[in-house]
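Q:
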Amino acid sequence: MISSSGFYFILAALSIEEQGKWIEESLMSFPQPPNRTNHNVVYEPIQNLFRATNDKQILVEEANDIEASVLLRKLRWSTLGLQFDWSKRGYNVSLPHNKISNALSQLAKEMAAPAMPVGEDFQPEAAIVNYFGPGDMLGGHLDDMEVDWSKPIISMSLGCKAIFLIGGKSRNDEPLAIFLRSGDIVLMSSEARERFHGVPRIFTDAEHAEIGSLEKQLSDEDDICYLEYVKTSRININIRQVF
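When we follow our numbering, the leftmost residue of the sequence shown carries the number 73, and every step to the right adds one.
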């Protein structure tokens with residue numbers, strides 16, 4: 073583990089089995105209503121998007137005759153727990169939502185421990201799942217909508233390798249570049265939460281994606297569908313304590 077001023081980089085924090093589990097959850101469960109996705113802006117909530125993609129379905133009523141596979145590739149985010157209202161850039165506690173699952177909640181609490189104030193436990197109340205495909209990126213930003221910045225954001229990387237940049241309190245500060253690989257976890261708390269950060273590149277080509285272990289883990293017939301997606305994709309699950 074590497075740490076500095078509220079920034080913690082935990083290499084290979086997730087076992088290969090855990091990575092497979094959370095890739096499956098990210099595709100099968102996390103986009104399900106009442107969780108919201110970027111598709112809610114244009115369409116009604118879409119049920120079973122990943123399953124519909126595997127079945128080569130046309131989502132007629134939900135998506136105006138658009139193939140499910142197209143919608144899956146256009147999936148950019150889903151929100152778990154307390155729902156984030158992107159139009160108002162804040163949490164909307166009145167929106168229907170389910171609590172963060174026990175399994176994800178327990179994992180977040182365990183991973184958050186090094187960054188937590190002494191004597192306090194992390195309370196996972198919301199999560200944003202980002203889906204990156206070829207050519208996608210995430211510009212420099214701050215995660216600043218939670219009440220208490222002493223509590224960490226837990227960021228889990230799954231799938232293709234990415235470059236993560238963390239800079240300073242100004243966009244003009246020169247950033248530090250870090251490779252994030254599947255299974256790595258980043259914690260950002262306290263001072264680190266005031267630093268701009270982003271993901272300028274995802275490596276989706278076979279030579280540089282570095283997902284050989286996932287290819288072995290997801291080689292069973294029932295898992296090939298997840299492997300086909302993650303071969304050219306990165307999933308980032310970031311979990312937050314809102315209040």
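Glycine is no exception: its CB is placed at the ideal position from the N, C-alpha and C atoms.
If you pair each beta-carbon of the stretch 248-263 with each one of the stretch 218-238, do three or more pairs fall below 8 angstroms?
A: The answer is yes - the stretch 218-238 touches the stretch 248-263, with three or more Cβ pairs under 8 angstroms.
Q: Can you say whether phenylalanine 315 is buried or exposed, counting buried as having 16 or more other CB atoms within 10 angstroms of its CB?
A: It is exposed - the Cβ of phenylalanine 315 has fewer than 16 other Cβ atoms within 10 Å.
Q: Rounded to a whole number of angstroms, what is the C-alpha to C-alpha distance between lysine 160 and methionine 217?
A: One C-alpha to the other measures close to 11 angstroms.
Q: Tell me, to the nearest whole angstrom, how far the beta carbon of glutamate 282 is from that of leucine 299; I am working on the premise that it is less than 8 angstroms.
A: In fact, because the Cβ distance is near 14 angstroms, the residues do not count as touching under 8 angstroms.
Q: Express the C-alpha separation of alanine 124 and leucine 99 in angstroms, rounding to a whole number.
A: Taking the straight line joining both Cα atoms gives about 11 angstroms.
Q: Are the beta-carbon atoms belonging to phenylalanine 275 and lysine 233 less than 8 angstroms from one another?
A: Yes, the pair counts as a contact, with Cβ atoms nearer than the cut-off.
Q: By DSSP, does leucine 86 sit in helix, in strand, or in coil?
A: Leucine 86 falls in the coil class under three-state DSSP.
Q: So, helix, strand or coil for proline 103, using DSSP?
A: Note: proline 103 maps to coil in three-state DSSP.
Q: Return the CA-CA distance between valine 271 and leucine 290, expressed in angstroms with no decimal places.
A: Each residue's alpha carbon lies about 26 angstroms from the other.
Q: Check each candidate in Thr109, Phe204, Gln178 and name the one with the smallest Cα separation from glutamine 195.
A: Nearest option by C-alpha distance: Gln178.
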